[in-house]
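Numbering (this note's numbering), first residue to last: 14 to 203. The beta-carbon is built from N, C-alpha and C at its ideal position, and this holds for glycine as well.
Encoded structure:
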């Protein structure tokens, strides 16, 4: 940074202590971390700290690894090597509970004539001003059609009632299962 070779500095999956420590050494521009309707663990401590420090948020997996996009299958229905086969949220009773919790996303999408994934992204974009931070989600895709849908989500406006409905439908206690298995969870938010 001091040599001018790096213009902006960011962190990924950092916990609050590391964010503050890094920011004290050099201003952090952005935090990349999982944040979506079904992974809201950043809200109690991290997001207020990002606002305080002027750090933007770059949420990965904004569609809940496809779960919020609407076309979802049980873990065992994904091919070998697919991350979702080991994702606790895609397994057993967790899967059934999460399908029910995500109904609000599907319902609002149907009412607006858009895709559920677009609603999930529009919600994220609406949360930035609510929180007083910049939020730039980075959904991954393998298909151009989905890329175009994701970009078009920026043109979708959710009213306060819709945002509140989504907030309440997918509170952390209504999303079943941890976001990673136990071993992987030990490596994040440090």
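Residue closest to residue 118, alpha-carbon to alpha-carbon, out of 98, 56, 181, 54: Scanning 98, 56, 181, 54 for the CA closest to the CA of residue 118 turns up 181.
Cut-off 8 Å between Cβ atoms - residues of its own chain near residue 52, not counting five sequence neighbours on either side: Around residue 52: 74, 77, 188, 192.
One or two residues paired with residue 16 in a DSSP bridge: Partner residues in a beta bridge of residue 16, as assigned by DSSP, do not exist.
CB-CB length for residue 129 against residue 165, believed under 8 Å: Residue 129 to residue 165, Cβ: 13 Å. No contact.
Proximal residues to residue 149 (C-beta, below 7 Å), its chain only, five neighbours per side dropped: Taken in chain order, the residues that qualify are 69, 71.
Sufficient close CB pairs (3 or more, under 8 Å) joining the stretch 168-180 to the stretch 120-128: Output reads yes: the stretch 120-128 touches the stretch 168-180.
Inter-residue CB distance, residue 24 and residue 44 (contact presumed, cutoff 8 Å): At roughly 5 Å, the Cβ-Cβ gap stays under 8 Å, so residue 24 and residue 44 are in contact.
Short CB-CB distance (under 8 Å) between residue 113 and chain D: Any reference to chain D falls outside this structure, which holds one protein chain only.
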